[in-house]
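Protein chains: 2
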Amino acid sequence: MNLKQLAHMLALSQTTVSRALNGYPEVNEETRRRVMDAAKRHGYRPNPSARRLATGKTGMIGYVLPTGASVDIDPHFVEFLSGLGDYARSHELDLVLSPADADDQETTYRRIVANRQVDAVYISSPRPADRRVALVNTLGIPFIVHGRSEGFDFDYPFTDIDNEGAFHEASRLLIQLGHRRLALINGDDRETFAIHRERGVRRALAASGLALGERHVCSVVMTEENGYRATKRLLEAGDAPTAIVCSSLIMALGVVRAVRDLGLTIPGDVSLIAHDDVFPWLRPENFSVPLSTTRSSIRLAGARVAERLAARISGLEEGVRGEVWPVDLVVRGSVAGAPA
Amino acid sequence: MNLKQLAHMLALSQTTVSRALNGYPEVNEETRRRVMDAAKRHGYRPNPSARRLATGKTGMIGYVLPTGASVDIDPHFVEFLSGLGDYARSHELDLVLSPADADDQETTYRRIVANRQVDAVYISSPRPADRRVALVNTLGIPFIVHGRSEGFDFDYPFTDIDNEGAFHEASRLLIQLGHRRLALINGDDRETFAIHRERGVRRALAASGLALGERHVCSVVMTEENGYRATKRLLEAGDAPTAIVCSSLIMALGVVRAVRDLGLTIPGDVSLIAHDDVFPWLRPENFSVPLSTTRSSIRLAGARVAERLAARISGLEEGVRGEVWPVDLVVRGSVAGAPA
DNA sequence: CAAGAAAGCCAAAGCGCTTTGGAAGACTCT
DNA sequence: AGAGTCTTCCAAAGCGCTTTGGCTTTCTTG
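As they're listed, the protein sequences go chains A and B. Here the first sequence is numbered in our numbering, starting from 5 and rising by one per residue. Here the second sequence is numbered in our numbering, starting from 5 and rising by one per residue.
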C-alpha cells in the first residue's frame, strides 16, 4: 500500500494525502480525518527510503563504533545504550552503529555525513582537542558529545558529569579522615574524564598542602587485572598509600583482590573509593566490604543524550550549551580513618 | 557529485556509468576503467538513499533491542558487538539497533521488515518456540539466530555453542573427582542456553546414577548479587553441594564472595566451574583462586553471525544449516577432589 | 454585486539511482 | 555481399515520497 494507491482509493491527489498525513495546514480538517482514517485502516506506512530520498531525513542517529581485534568496547556502553534506546524507542528513532577502524574513524564520519545516513551523531569518550569533535563540528551535522573535550576555539554541545568535582570530594573526604598518602588508579589519561579526575584529586590534596606522589597515580585500561596490578605495585612500594581512589568498579574488584592478597584489609589498612557508573550486574554495596563510590548513572546520561539529539534534529535545541551533572558521593564501609 | 554530473562530464549516459561502477559485463573494459578512474578522482559515492529506493538494498543489518526501565542489556553484548562490528566494518555493513518495548518486539520486527530498513536481522538469547524466530521466518527476511530455539516444525539457520556438552563435561569432571552433590547456578531458565546447560549437568549425573537435587538448581538473572545469594542459600542448607557449576563469570564473583563469607574455601570445601564468554576486562585466571571454566568466545560468535548474515544477504548461503561450536573446558585451581 | 482574499485541492517536477528495452556499429559466417 | 550475432552504449521508465506553483471554489468586503 503506497501513497499513490491510497490517494487513488480516496479519490484525492497524492499531494493532498501527503499533506494531510504530515499535518500541513492547507487541508480541510474533514478531509484530513478521512485520510488519517483510511491510512490507519489500511495500515499505510510511508516508505522510509522514499521519504529519505525526498527529505533527507532518516529518523536515525549515528554512532561510529571503533573496532579492531585489539579494541575492546567499554562495558559501560550497554548501560549507555539502555538509556539511549529507552528514549529513542518512544520517539521512533533508530540507532545506527557504523563500525570503523579505531585508527581511522574520520573516514567513517565523513561517509555517514556525506551519505546523509543519519540525522545526528553522538561522540563518546572524547579526548582533549578530539579530532572527531572538530570534524563533526565542521561537517555541520547535529551532534552531542558525551563527556568533554578541551582546547578548541569553538564551543560545542555536550553532556558530561562533574568528574573533577566528584574526585575532589572523594579525596577531600579521605584527607579529612587523616589520610596523607592518596593514590589514584585512573583510566586512560589521554581521555578527558581521566584528566579531570586527576585534577580533582590534586586540587583536594593541594588544598591541604599535600601532593599526589608521582608513583601514586597510574593510568591504565580499566580491567580487573589492571586494578589488581596497580594496587599490588602501589602497596608493595616504600611509601604505600593509605587510601586509593579508583576510576571504575571493575578495577575496584582487582584492588580488593590485591589488598586481600597482601594480607591487608579494607578499610583497616587501605581506604577505597571508586567511581560507579551504576551497573545492574555489579553493585558497590555488594562488595565484600561495601564500597564507597562517586555515583552517576550512565544510563540516564544515555537517555539525556538521546533527548538532546532529538531536540537538535527537530530544531528545538540550538546553540552550544554544555551541561555538567553533579555526582553523588556515597559513603559505605570501605573508608575509615588513616591507620596510625 | 551525483551520477548525472559524473555521466555528463564523461560524456556517457547514466546507464553506462552505473553499470561500469556496479561491475556489469556489458561495458567495455576500457570504458569501465575511465569511469572508475573518474569516480575515484572526484570522490563520487552513490547516494545510498537513492540506491535503496531503487534496489531495496540497504547495506545494513538489524537488531531489535529490547529496552525499558527494568530491562538490562546483557553486558556480553559489547563483546558480541565487537566481533560483529569487526566483520561488518570490512564489508561496509552498518548495524541498526531498533529499540523496542521488551514486551512487544513483534511490532518492531514487522516495521523494519515492512519498511525494508535492513537487509537481514539476527536474533539473540532465543527461548524455546521463540516467537521472534517464527515471526522472522514467516516475514521472509534473511536472518541468523545466535543461540537456539526449539520445538518448531521448521528449521532455521543458527550459530550456537554446545552448552549441553560443555556443562556435561564440567559436571563429569567434578563427578570423577568424587563430588556427589553438584549444584547449578544458572541463568534465566526460560532461555534455551540455560535449559541446555541444565540438561548437560543432569545427563552427567545420571550417567553415574546421581541426580540434581531439587534445591540444587537455581535460575536467576546473572548478576554478582544473585550469584552470592544463590551460593549462600545452597551452602547454608542441609545437604550443601561440594561443587558448583555456574553460568557466568559475573555470577561467579558472587559465588566466590559467598564462599569466603561463610568461612569456606575454594577448592577445599567447594569446587567451582563457571562459563566464560571471554571478557577482556574480567578474566577467570585472575580470580583469587584461578577459576576453571567452560570457555567460548562470544566475540568470535559475533563475527561469525555477521559473516553468515552477509553471506545470506548476497545469496551465498542458503538453506537452514545450524552450526554448533564446541566449548573448551579449561581446568584451573578452583576444582579439586571432593572433601572427605 | 464585483473584486480581492483565502481555503482547498491538484498536476507535475524533482530526489539520485537501477534497470528495461532498444539501437547502432562492429564482427562473423556463408 | 547480405544476414545474423555480439558488443557497447543510450533514453526513458520506474522506485515512493515531498514540494512547488497554480488552479478552482468559496468566503469576505466595500
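Every residue, glycine too, gets a C-beta built ideally from N, C-alpha and C. Keep in mind the model is a prediction, meaning the values are calculated, not measured.
Local Cβ density within 10 Å of residue i, reported as buried at 16 or more and exposed below that
| i | result |
| --- | --- |
| Y28 of chain B | exposed |
| H12 of chain B | exposed |
| A215 of chain B | exposed |
| T269 of chain A | exposed |
| G297 of chain B | In the sequence as presented, Gly is not what sits at residue 297 of chain B; that position holds Thr. When all chains shown are included, T297 of chain B counts as buried. |
| S17 of chain A | exposed |
| E33 of chain A | exposed |
| A1 of chain B | Because chain B here runs from 5 to 344, residue 1 of chain B falls outside it and cannot be looked at. |
| N346 of chain A | For residue 346 of chain A there is no data in the structure shown, the boundaries of chain A being 5 and 344. |
| G144 of chain A | exposed |
| T142 of chain A | exposed |
| V79 of chain B | For clarity, residue 79 of chain B is Pro in the given sequence; the question names Val instead. Its Cβ being crowded by 16 or more others within 10 Å, P79 of chain B is buried. |
| F158 of chain B | exposed |
| A124 of chain B | buried |
| V3 of chain A | The question about residue 3 of chain A has no answer here: the residues shown for chain A are numbered 5 through 344. |
| R206 of chain A | buried |
| G151 of chain A | buried |
| V224 of chain B | buried |
| E195 of chain A | buried |
Cβ separation of residue i and residue j, assumed to be a contact under 8 Å, to the nearest whole Å
| i | j | result |
| --- | --- | --- |
| P288 of chain A | D280 of chain A | 5 Å |
| Y160 of chain B | V328 of chain B | Actually they do not touch by this definition, with Cβ atoms about 14 Å apart. |
| R23 of chain B | E30 of chain B | 7 Å |
| V309 of chain B | T163 of chain B | 6 Å |
| N167 of chain A | R201 of chain A | 5 Å |
C-alpha gap between residue i and residue j, whole angstroms
| i | j | result |
| --- | --- | --- |
| D192 of chain B | G204 of chain B | 16 Å |
| S74 of chain A | A106 of chain A | 9 Å |
| G213 of chain A | E96 of chain B | 55 Å |
| I302 of chain A | A133 of chain A | 23 Å |
| E346 of chain B | L253 of chain B | As displayed, chain B neither begins before 5 nor continues past 344, which places residue 346 of chain B out of reach and without an answer. |
| L85 of chain A | A344 of chain B | 49 Å |
| T227 of chain A | T71 of chain B | 27 Å |
| G306 of chain B | N290 of chain B | 25 Å |
| F283 of chain A | N26 of chain A | 41 Å |
| S153 of chain A | L333 of chain A | 24 Å |
| P146 of chain A | G242 of chain A | 52 Å |
| P50 of chain B | V100 of chain A | 19 Å |
| F156 of chain A | R312 of chain A | 22 Å |
| I148 of chain B | V140 of chain B | 10 Å |
| W285 of chain B | F81 of chain A | 13 Å |
| D41 of chain B | R120 of chain A | 24 Å |
| V293 of chain B | S338 of chain B | 6 Å |
| G182 of chain A | P245 of chain A | 12 Å |
| A92 of chain B | T19 of chain A | 40 Å |
| N6 of chain A | Y48 of chain A | 7 Å |
| R45 of chain A | A118 of chain B | 16 Å |
| I77 of chain B | E83 of chain A | 7 Å |
| K236 of chain B | L266 of chain B | 8 Å |
| L14 of chain A | R36 of chain B | 48 Å |
Proximity of residue i and residue j at Cβ, strictly below 8 Å
| i | j | result |
| --- | --- | --- |
| P52 of chain A | G89 of chain B | no |
| A210 of chain A | C222 of chain A | no |
| L178 of chain B | L186 of chain B | yes |
| A43 of chain B | L10 of chain B | yes |
| A208 of chain A | S175 of chain A | yes |
| G66 of chain A | V122 of chain A | yes |
| A342 of chain B | R219 of chain B | no |
| A256 of chain B | L276 of chain B | yes |
| G87 of chain B | P330 of chain B | no |
| L353 of chain B | R336 of chain B | Residue 353 of chain B lies beyond the stretch modelled for chain B, which goes from 5 to 344, so this question has no answer here. |
| D108 of chain B | M64 of chain B | no |
| A315 of chain B | G272 of chain B | no |
| I165 of chain A | S251 of chain A | no |
| V68 of chain A | F171 of chain A | no |
### Query
Counting Cβ pairs, one atom from each stretch, are 3 or more of them under 8 Å apart for the stretch 127-138 of chain A and the stretch 51-70 of chain B?
No, they do not touch.
### Task
Determine contact between the stretch 312-323 of chain B and the stretch 259-277 of chain A, defined as no fewer than three beta-carbon pairs at a distance below 8 Å.
Touching, no.
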